[in-house]
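Listed in order, the protein sequences are those of chains A and B. Using this note's numbering, the letters of the first sequence correspond one by one to residues 507 to 619. Using this note's numbering, the letters of the second sequence correspond one by one to residues 1251 to 1364. We treat Cβ as the ideally placed atom computed from N, Cα and C, and that holds for glycine. Here the structure is a predicted model, which is why all the values come from computation and not from measurement. Reviewing the structure listed below.
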Amino acid sequence: AQSVTQPDIHITVSEGASLELRCNYSYGATPYLFWYVQSPGQGLQLLLKYFSGDTLVQGIKGFEAEFKRSQSSFNLRKPSVHWSDAAEYFCAVGNFGNEKLTFGTGTRLTIIP
Amino acid sequence: EPEVTQTPSHQVTQMGQEVILRCVPISNHLYFYWYRQILGQKVEFLVSFYNNEISEKSEIFDDQFSVERPDGSNFTLKIRSTKLEDSAMYFCASSTDRVNSPLHFGNGTRLTVT
C-alpha cells in the first residue's frame, strides 16, 4: 500500500530565509506526487505535482520540489519565504493521477519576522 | 476563479442521525471526490465519482456512506447513521480529468457528532 511520511510536524523559519519541507513516500511503481497547502479555514490548494519527466518541478508561489527516486523523496523548497507562506503543507501520492490520493500528516509552517 | 463550494461550513448532529453534506463542484468538472480529515490526523480519501457512479472508494466508505449527484450541479455525501468517530472535516474536490488537471478542493464542512 502506498504511504507518505512527513517527518517534521512543525517548522519555524524566519521571513526571507530558505525553506525545505521533507516528504518520503512508499509506492511500488512510479508515483504521482503532489504538494498541497492549506491555510486556516481554507481548502487544500495544489502547489505542484510530479508525474514524469524533469525531476525538478516548479509550482506556484515560488515553490519547487525535487523527485529523488533513489531516496523515495519529494522535498518541497522555497529560496525565500514570506509571512504569507505560513500554513499547513501536505505531501500526497497517487496511484494514478488524482485517484485515491494518500496524504501525509502535514507540516505546519510558522514564519517569524 | 471558479470555486468548489461546500455547505454548511459546520454541521452538528446527534449520534445515529443522518446527515447530508453538500458540494457544488466547478461547473465543467467531471470527476468528483470526498476526503475527510479527523482533527489532528491525515487527510483521507473516501470516494471518487465519475459518470454517475463510484469509480473508487476506500475501506472507510462503508455501507453507512453514499454519494449522489442528484441534479447535475450538486454532489452530496450522506452518512446514514452517524457515529462519534465520523466527526471530522469533510472536503469535496473536483477535477476535469483523472490525471493531468489539479484537484480543486472546497473549504470543507466540519461535522461534529455528539
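{"Asked": "Please name the residue in A:PRO513, A:LEU552, A:TRP541, A:LEU582 whose C-alpha comes closest to that of LEU525 of chain A.", "Found": "A:LEU582"}
{"Asked": "Between A:SER579, A:ALA592, A:GLY559, which lies nearest to CYS529 of chain A when the distance is taken from Cα to Cα?", "Found": "A:SER579"}
{"Asked": "Counting contacts by CB-CB distance shorter than 8 Å, is GLU526 of chain A in contact with chain B?", "Found": "no"}
{"Asked": "Round the Cβ separation of PHE1325 of chain B and PHE1299 of chain B to the nearest angstrom and send it over; I've been treating them as touching at under 8 Å.", "Found": "7 Å"}
{"Asked": "Excluding the 5 residues preceding and the 5 following GLY612 of chain A in the sequence, name in chain order all residues of the same chain whose CB lies nearer than 7 Å to its CB.", "Found": "GLN512, GLU594, TYR595, PHE596"}
{"Asked": "Which bits of chain B does ASN581 of chain A rub up against, with CB to CB less than 8 Å?", "Found": "By Cβ distance, chain B contributes nothing, its closest Cβ being about 19 Å from ASN581 of chain A, past 8 Å."}
{"Asked": "Count the other CB atoms, across all protein chains shown, that sit within 10 Å of the CB of LYS486 of chain A; report buried if there are 16 or more and exposed otherwise.", "Found": "Any property of residue 486 of chain A remains undetermined from this structure, which presents chain A solely from 507 to 619."}
{"Asked": "Is there a Cβ of chain A sitting closer than 8 Å to that of GLU1306 of chain B, yes or no?", "Found": "yes"}
{"Asked": "In chain B, which residues lie with their C-beta within 8 Å of the C-beta of THR611 of chain A?", "Found": "GLN1291, LYS1292"}
{"Asked": "Do you know offhand how far GLN1256 of chain B's Cα is from TRP1284 of chain B's?", "Found": "11 Å"}
{"Asked": "Enumerate in chain order the residues of its own chain whose CB-to-CB distance from VAL510 of chain A is below 7 Å, with the five nearest sequence positions on each side excluded.", "Found": "CYS529, TYR531, CYS597, ALA598, VAL599, THR608, PHE609, GLY610"}
{"Asked": "Please name the residues in the stretch 1343-1356 of chain B whose beta-carbon is closer than 9 Å to at least one beta-carbon of chain A, in chain order.", "Found": "ALA1343, SER1345, ASP1347, ARG1348, VAL1349, ASN1350, SER1351, PRO1352, LEU1353, HIS1354, PHE1355, GLY1356"}
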